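Our numbering applies: residue 14 is where the sequence shown begins, and numbers increase by one. All C-beta atoms in this analysis are idealised placements derived from N, C-alpha and C, irrespective of residue type, glycine included. Values in this document were obtained by computation on a predicted structure and should not be read as measured data. Working notes for the structure below.
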Amino acid sequence: MSSGVVGIALIVAIGALMTHSVGWTAAEMSVLEGFSRIHTGILDAVSLGIDFLFSPRIAAVLLAGVAVLILLFTRRWRAAVEFVVLVAGSWLGTEVVKYIVQRPRPDSSLLAHPLISETSWSFPSGHTAFAASLALGFIVLARRRSWRLLMVVAGILLAVAVALSRVYLGVHYVSDVTASLLYSAIAVSILAALWNRYIQPLHRSQRRASRDTVDVR
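Below is the structure:
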């Protein structure tokens with residue numbers, strides 16, 4: 014767990030360094046300018062669709078809906094709560110990192126085909142963090158090895174697709190989305206470790222107490 018905290022601290026430190034590096038920012042901006050010159054109608058539609066589906070308000074509704082489905086299919090409310098804690102905790106943590114680093118968004122005026130404009134801080138990408146955290150939440154909850162493998166493959170595809178869409182739209186630098194993927198993996202791991210250390214034992218003790226009560230009766 015301590016190594017995870019160090020990892021997040023390093024991500025924040027690197028983000029702060031890049032924010033104040035004019036040369037690094039210029040190099041990354043040239044990548045976005047290149048992407049902006051190869052826009053197509055299909056990729057525009059897909060990227061804008063991802064932008065909408067993983068926007069904060071829609072993402073919150075999506076997370077709540079998935080939690081309800083987990084509860085309905087597993088009949089385990091703790092699984093639904095754990096899923097929300099892992100995903101929401103990791104996702105909301107990006108806002109803290111954004112506030113600390115305060116990296117401005119890419120300059121949309123330099124893009125050949127700017128489709129949307131964002132005003133919040135750029136590092137790390139919240140859309141990418143949500144997608145990665147969502148996928149990791151499913152992976153943690155997957156009990157069967159076959160299901161877990163499926164979740165890993167689907168999760169990687171989802172997270173990479175969202176990351177690429179943010180770069181394609183020119184609203185995030187490559188380092189923003191890369192940092193989001195790394196941050197999400199570390200954050201979910203930390204939250205899962207905390208859950209297993211502090212919450213899971215409480216659940217087990219409650220089950221033992223319940224069985225003891227039944228035996229006494």
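| field | Element boundaries [alpha helix (DSSP H), containing Phe96] | value | Trp90 to Val114
| task | Compute the Euclidean distance between the alpha carbons of Val81 and Leu128, then round it to the nearest angstrom. | result | 34 Å
| task | Use the C-beta contact count for Val35: other C-beta atoms within 10 angstroms, 16 or more gives buried, fewer gives exposed. | result | exposed
| Status (buried if at least 16 other CB within 10 Å, exposed otherwise) for Arg158 | exposed
| said: Just to check my reading of the structure: Pro119 and Gly183 have Cβ atoms closer than 8 Å, yes? What is that Cβ distance to the nearest angstrom? | reply: Sure, about 6 Å apart at Cβ, within 8 Å.
| said: Beta-carbon within less than 6 Å of Gly102's beta-carbon, same chain only, minus the 5 sequence neighbours each way: which residues are those? | reply: Around Gly102: Leu204.
| For Ala176 and Ser138, believed in contact at Cβ under 8 Å, the rounded distance | 7 Å
| With C-beta atoms as the reference, is Val233 less than 7 Å away from Gly150? | Coverage of the chain is limited to positions 14 through 230, which leaves residue 233 absent and any answer about it impossible.
| Euclidean distance between Cα positions of Gly62 and Ile212 | 37 Å
| query | In terms of residues, what are the limits of the alpha helix (DSSP H) holding His140? | reply | Gly139 to Leu154
| request: Measuring alpha carbon to alpha carbon, tell me which of Val25, Arg50, Ile169 and Glu46 ends up nearest Ser146. | output: Ile169
| query | Hey, how far is the Cα of Ser223 from the Cα of Ile113? | reply | Interpretation of Ser223 is limited by its pLDDT of 49, a score under 50 that renders its predicted location unreliable; the figure taken from the coordinates is listed afterwards. When rounded, the distance between both Cα atoms is 46 Å.
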